[in-house]
């Protein structure tokens with residue numbers, strides 16, 4: 001399950017998973033485009049991109065910087081969701 005973390009001015013949406021068993025957090029980035037979505041998956045803390053469709057190298061660099069600057073909060077949210085999942 002993913003939870004929306006942020007929505008940028010251009011309608012790019014950033015969502016994160018709960019903390020996974022290996023301590024990583026999956027981040028999914030999507031942006032509307034004609035007939036579909038630009039999308040990319042990122043694994044934190046490594047900030048390793050995969051399945052990138054429609055984002056330029058410069059846009060990925062901006063998003064990587066955004067994720068790096070927001071990582072402490074993203075990990076805090078992800079950990080809370082992991083704890084909620086274990087309680088339920």
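Residue numbers (UniProt numbering): 1 to 88.
Glycine residues also receive a C-beta, built at the ideal position from the N, C-alpha and C atoms.
Beta-carbon proximity check, residue i vs residue j, cutoff 7 Å
{"i": "residue 18", "j": "residue 78", "result": "yes"}
{"i": "residue 13", "j": "residue 7", "result": "yes"}
{"i": "residue 47", "j": "residue 64", "result": "yes"}
{"i": "residue 38", "j": "residue 62", "result": "no"}
Where residue i falls: helix, strand or coil (DSSP)
{"i": "residue 45", "result": "coil"}
{"i": "residue 88", "result": "Only weak support exists for where residue 88 lies, its pLDDT of 44 falling under 50; the coordinates are left without a value."}
{"i": "residue 3", "result": "strand"}
- Message: Across the stretch 15-32 and the stretch 41-54, are there enough close Cβ pairs to call them in contact, namely three or more that are closer than 8 Å?
- Response: yes
- Item | In chain order, each beta strand (DSSP E) run of at least 3 residues that lies wholly inside the stretch 8-77 | 13-17, 25-33, 36-44, 48-53
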